[in-house]
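Add 227 to a position in the sequence shown, counting from 1, and you land on the number used in this note's numbering. Yeah, the Cβ is synthetic: ideal placement off N, Cα and C, and Gly gets one too. See structure below.
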Amino acid sequence: MGLVSLLWGIVALIWMIVALIPLVGITNWLLIPFAAVGAIIAALGIALSRPGHRGRAKAGLVLNAIVIVVAAFRLSLGGGIL
């Protein structure tokens, strides 16, 4: 699950970079739930992994959390539209 959450976070990060382009920011409405699912997968990966094997899941959780924060900030700047 750690690898899945890390890959999910990388895809969300790439999508977030594309969503920073003006007039494409409306895709942040889809990006936030996408990253939230990745964060849930990462949390499950942390909870179900052995203590020494949680690094990928933690990295996925951090990536998805960063994406959620930046996407929400971007939506607040554009009034939820841009």
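From which residue to which residue does the alpha helix (DSSP H) around residue i run?
i              : result
arginine 277   : Unbroken run through arginine 277: none, as it is neither H nor E.
isoleucine 293 : 282 to 304
What's the call for residue i, buried or exposed, on a 16-neighbour Cβ count within 10 Å?
i            : result
arginine 277 : exposed
valine 251   : exposed
leucine 230  : exposed
Tell me the rounded alpha-carbon separation between residue i and residue j.
i              : j              : result
glycine 272    : methionine 228 : 5 Å
isoleucine 268 : valine 294     : 15 Å
proline 249    : proline 260    : 20 Å
glycine 282    : leucine 275    : 13 Å
Return the chain-ordered list of same chain residues with a C-beta closer than 6 Å to the C-beta of residue i, the five sequence neighbours on each side being excluded.
i           : result
alanine 262 : Ala239, Asn291, Val294 and Ile295
So, for residue i: in the same chain, excluding its five sequence neighbours on each side, which residues have a beta-carbon less than 7 Å away from its beta-carbon?
i           : result
glycine 265 : Ser232, Trp235, Gly236, Ala239, Gly287 and Asn291
alanine 270 : Leu288
Measuring CB to CB, does residue i end up less than 8 Å from residue j?
i              : j              : result
isoleucine 299 : alanine 246    : Contrary to the premise, residue 299 reads as alanine rather than isoleucine in this sequence. Their beta carbons are not under 8 Å apart, which means alanine 299 does not touch alanine 246 by this criterion.
leucine 304    : asparagine 255 : no
leucine 258    : methionine 243 : yes
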